[in-house]
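To start, the structure itself, in structure tokens.
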Amino acid sequence: MSPEPKRARRRRDLIRMKAKAIRVYPGIPQAPKWADHLAVCSCWMCGHRREQGGPTMQERRWFSIRAE
Numbered sequence: 743m744s745p746e747p748k749r750a751r752r753r754r755d756l757i758r759m760k761a762k763a764i765r766v767y768p769g770i771p772q773a774p775k776w777a778d779h780l781a782v783c784s785c786w787m788c789g790h791r792r793e794q795g796g797p798t799m800q801e802r803r804w805f806s807i808r809a810e
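If you're matching positions, the sequence shown starts at 743 in my numbering and goes up one per residue.
See the structure below:
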């Protein structure tokens, strides 16, 4: 059996995420449009890592090299 094509996978994932958006935002008609932006909080698990914990290890190394 051949693997699933990428386009089919993206379409299936989009349908799944639209259904999740409807569950997260019940009663809001434009909820399926928000399917790509479902991070509803800004905790350390959902938010951008650099904003929550400072620069990454790679950035710290780069800054230390530039400071010398």
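Where is the CB? At the ideal position from N, CA and C, for every residue including glycine.
Predicted model, so just to flag it, every value in this text is computed and none were measured.
Within the stretch 743-785, no run of beta strand (DSSP E) reaches 3 residues while sitting entirely inside it. In this structure A763 is buried. Its beta-carbon is surrounded by 16 or more other beta-carbon atoms within 10 angstroms. Residue state for G795 is assigned as helix, using DSSP reduced to three classes. Per the coordinates, the alpha-carbon of D778 lies some 24 angstroms from the alpha-carbon of G795.
Approximately 6 angstroms separates the beta-carbon atoms of V766 and L780; this is inside 8 angstroms, confirming the contact.
Between K760 and P774, the C-beta gap is smaller than 9 angstroms, which places the two residues in contact.
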